[in-house]
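So the protein sequences, as listed, match chains A and B. In my numbering, each residue carries its 1-based index in the first sequence increased by 23. In my numbering, each residue carries its 1-based index in the second sequence increased by 7. Working notes, beginning with the structure itself.
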Amino acid sequence: NAGVTQTPKFQVLKTGQSMTLQCAQDMNHEYMSWYRQDPGMGLRLIHYSVGAGITDQGEVPNGYNVSRSTTEDFPLRLLSAAPSQTSVYFCASSYSRGKLDGLSYEQYFGPGTRLTVT
Amino acid sequence: SQQGEEDPQALSIQEGENATMNCSYKTSINNLQWYRQNSGRGLVHLILIRSNEREKHSGRLRVTLDTSKKSSSLLITASRAADTASYFCALCPPGTYKYIFGTGTRLKVLA
């Protein structure tokens, strides 16, 4: 198993450019999520998905779009990059149960994408 | 913000000593998880404790949970240089799919 993979590892964008961060998992996990990590801020949830065709917003969704057409893939799209989106982005996946029980399984994280917007 | 708060923010100890870090939170929980992050890398799951559990052990790790005080602690016993990392607590309020992560404790273990 490759686990959770992310591409690219590093990316530099100019303000206004758009790009897609790729995330894939081979563990047949229903739940996938995207986080950004800024110094001293911990991880903040951007978007998440509980299955193919189902996505929802997290804590900091503005400026990002997601889609989930397959169980394996969960790409994150930056619509018009801004310097405030300079960060390290992590994708994660886990099993999930019904919403009443919340998330009760460990998350598996990808290695991250370091994005700089100039 | 509903972020978990961890303290201390940074901790430096000698190899062989114990390290304790704490996590406080504001919401109700079904479970609380602890993760480790080595510099520049993704997070790795360490341990999960459910809301009806008070203490859990895994190797050199001991986690406690006090839901009345909305706090948890992670104890690493007999620390090693390889334990040098940042440690985060994470929780998911019931009825949501939104994880909340703490701000992290940076642990440095000196050989």
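For every residue, glycine included, the Cβ atom is placed at its ideal position computed from N, Cα and C.
E13 of chain B in three-state terms, based on DSSP: strand
Under 7 Å by beta carbon: chain B residues contacting V89 of chain A: What V89 of chain A touches in chain B: nothing, since even the nearest Cβ is about 13 Å away.
Residue span of the beta strand (DSSP E) that contains M50 of chain A, given as start and end: Per DSSP, M50 of chain A belongs to no beta strand (DSSP E) and is neither H nor E.
Cβ-Cβ separation, L114 of chain B to Y94 of chain B (assumed contact under 8 Å), whole Å: 6 Å
Beta carbon of L102 of chain A nearer than 7 Å to that of W57 of chain A: no
Uninterrupted beta strand (DSSP E) stretches inside the region 25 to 100 of chain A (no shorter than 3 residues): 27 to 30, 33 to 36, 42 to 48, 54 to 60, 66 to 74, 77 to 80 and 87 to 89
Under 7 Å between C-beta atoms of S86 of chain B and E13 of chain B: With a cutoff of 7 Å on beta-carbon distance, S86 of chain B and E13 of chain B are scored as not near each other.
T34 of chain B at chain A interface by Cβ criterion, 7 Å: No, its Cβ sits nowhere closer than 7 Å to a Cβ of chain A.
Three-pair Cβ contact test at 8 Å for the region 51 to 60 of chain B versus the region 31 to 43 of chain B: With a cut-off of 8 Å, the region 31 to 43 of chain B and the region 51 to 60 of chain B count as touching, because enough Cβ pairs lie within range.
Contact set for L123 of chain A: own chain, Cβ-Cβ below 8 Å, skip 5 residues either direction: Confidence in L123 of chain A is poor, its pLDDT being 49 and thus under 50, which makes the residue's placement too unreliable to answer from.
Cβ neighbour criterion (16 or more within 10 Å) applied to G135 of chain A: buried
Classification of V35 of chain A by the beta-carbon crowding that lies within 10 angstroms, buried from 16 upward: exposed
Backbone secondary structure at S107 of chain A - three-state DSSP: helix
Beta-carbon spacing of D49 of chain A, A25 of chain A below 7 Å: yes
Whole-angstrom distance between R61 of chain B and S119 of chain A, CA atom to CA atom: Using only the alpha carbons, I get a separation of about 23 Å.
Range covered by the beta strand (DSSP E) that runs through K115 of chain B: T112 to L117
Segment contact, 8 Å Cβ cut-off, at least three pairs: the region 63 to 73 of chain A with the region 101 to 110 of chain B: yes
For A85 of chain B, three-class secondary structure by DSSP: coil
Interface residues of chain B facing Q48 of chain A [CB-CB closer than 9 Å]: Within chain B, no residue comes near Q48 of chain A; the closest Cβ sits about 12 Å away, beyond 9 Å.
Residue range of the beta strand (DSSP E) that includes T27 of chain B: DSSP places T27 of chain B in the uninterrupted beta strand (DSSP E) bounded by A26 to S31.
Closer than 7 Å to chain B by CB, L68 of chain A: yes
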